[in-house]
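Participant: Let me begin by handing over the structure; questions about it come next.
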Amino acid sequence: MSRVDIVILGAVIVVMGCAATPKEEARPTAGLSRPERPVAEPRVHLVSLDARAPANTFGSELAARAAEIGVTGPTAFVWGDVSPVPPGARRVEIRAGSASLRGFLIPSAHEVDMGQLATGIHDVVMVGCDDRGLYGSHPSGPGRHRIELGATDPELRREARESFAFVSVMPGDLSDSVTSGQVVSLLHDLPTRVRYAVMALPS
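Structure (structure tokens):
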């Protein structure tokens with residue numbers, strides 16, 4: 080019998096022994112019961128941006144706010160279905176006029192394998208933005224396609240659960256007519272087509 084078998088056998092015996100031990104009936108205690116402690120909600124840092132500002136300043140503005148709340152080094156903004164939350168991540172809510180977007184600022188993002196922030200991820204889409212909205216492309220494929228937000232087809236929903244997005248809001252893709260409020264609204268709906276999204280912030 081190997082050492083591993085002995086350890087497993089010992090664990091089984093302990094569990095069986097606990098199951099065979101008769102439990103004493105719980106006796107009511109005199110006096111008042113202790114009140115349950117309220118569960119503290121995680122702090123969410125509010126990041127307010129000018130909704131009318133040109134969208135090409137979005138990344139730098141968010142990076143400046145990240146530094147203000149103590150997130151330093153290479154930083155990524157991540158939103159969507161991320162579980163568990165990466166170590167050191169700060170919860171934030173970005174507001175730009177009526178548009179809002181909740182996610183996490185992750186410090187030292189170069190040390191995080193972004194494709195492993197959730198289970199079952201098998202694909203990645205590179206997402207950009209222009210005057211007409213969001214577009215996507217595959218790292219190994221030519222061309223790009225327009226992203227229609229809102230996955231209603233069962234196959235699209237399955238694909239969304241298995242994909243994550245690298246988002247780049249590059250100044251060269253955006254005209255001055257596109258505002259930060261419009262970009263925040265578009266990025267808010269992006270997780271309908273991917274499991275979660277990642278945007279590296281300028282250092």
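First residue of the sequence shown: 80, per my numbering; consecutive thereafter.
Note that the Cβ used here is the ideal one computed from N, Cα and C, for glycine as well.
Here the structure is a predicted model, which is why all the values come from computation and not from measurement.
Do three or more CB pairs link the segment 200 to 212 to the segment 170 to 178 at distances below 8 Å?
Facilitator: Touching, no.
Participant: So what's residue 133 in DSSP terms, helix, strand or just coil?
Facilitator: Start at 1 with the first residue of the sequence shown, and residue 133 comes out as number 54. Looking at residue 133 - three-state DSSP - the assignment turns out to be strand.
Participant: Excluding the five sequence neighbours on either side, which residues of its own chain have a C-beta within less than 6 Å of the C-beta of residue 181, listed in chain order?
Facilitator: On the sequence shown, position 102 is the one that residue 181 refers to. So the qualifying residues of the chain are 172.
Participant: Going by beta carbon distance, what residues of the same chain come within less than 8 Å of residue 165, once the five residues before and after it are set aside?
Facilitator: Locating residue 165 in the sequence shown gives position 86, where the first residue counts as 1. If we look at residue 165 and ignore the five residues flanking it on each side, its Cβ neighbours are 157, 183, 185, 191, 196.
Participant: Nearest CA to the CA of residue 256: which residue from 135, 238, 124?
Facilitator: Counted from its first residue, the sequence shown places residue 256 at position 177. Of the candidates 135, 238, 124, the one whose C-alpha sits nearest the C-alpha of residue 256 is 135.
Participant: Please report the distance separating the alpha-carbon of residue 248 from that of residue 138.
Facilitator: The count along the sequence shown starts at 1 and reaches residue 248 at position 169. The count along the sequence shown starts at 1 and reaches residue 138 at position 59. Each residue's alpha carbon lies about 7 Å from the other.
Participant: I'd like the ranges of any beta strand (DSSP E) spanning at least 3 consecutive residues and lying wholly in the segment 170 to 231.
Facilitator: Those beta strand (DSSP E) runs which fall completely within the segment 170 to 231 and span 3+ residues are 178 to 185, 202 to 209, 212 to 216.
Participant: Using the Cβ count rule (16 or more neighbours within 10 Å means buried), how would you classify residue 263?
Facilitator: Against the sequence shown, residue 263 aligns to sequence position 184. Buried.
Participant: Taking the alpha carbon of residue 225 as the reference point, which residue from 238, 272, 126, 147 has its own alpha carbon closest?
Facilitator: The sequence position of residue 225 within the sequence shown is 146, counting from 1. Minimum Cα distance to residue 225 is reached at 272.
Participant: Check the DSSP bridge columns for residue 125 and list the partner residues they point to.
Facilitator: Numbered from its first residue, the sequence shown carries residue 125 at position 46. In DSSP, residue 125 forms a bridge with 172.
Participant: Cβ of residue 212 within 8 Å of Cβ of residue 265?
Facilitator: Numbered from 1 along the sequence shown, position 133 holds the residue referred to as residue 212. Numbered from 1 along the sequence shown, position 186 holds the residue referred to as residue 265. Yes, Cβ-Cβ distance for residue 212 and residue 265 is below 8 Å.
Participant: Which residues in the same chain as residue 241 place their Cβ atom closer than 8 Å to its Cβ, once the five residues preceding and following it in sequence are excluded?
Facilitator: Within the sequence shown, the letter at position 162 stands for residue 241. Within the same chain, residue 241 has close Cβ partners 199, 200, 201, 202, 274.
Participant: Taking just the CA atoms, how far does residue 258 sit from residue 243?
Facilitator: By 1-based counting over the sequence shown, the position of residue 243 is 164. By 1-based counting over the sequence shown, the position of residue 258 is 179. Spanning the two alpha carbons is a distance of roughly 25 Å.
Participant: Nearest by alpha-carbon distance to residue 123: which of 140, 133, 179, 154 is it?
Facilitator: Working through the sequence shown from its first residue, we reach residue 123 at position 44. With distances taken between Cα atoms, residue 123 lies closest to 179.
Participant: Just checking residue 269 against the ligand COA - is the residue's beta carbon closer than 7 Å to any of the ligand's heavy atoms?
Facilitator: In the structure shown, the ligand COA is absent, as is every other ligand, since no ligand is present at all.
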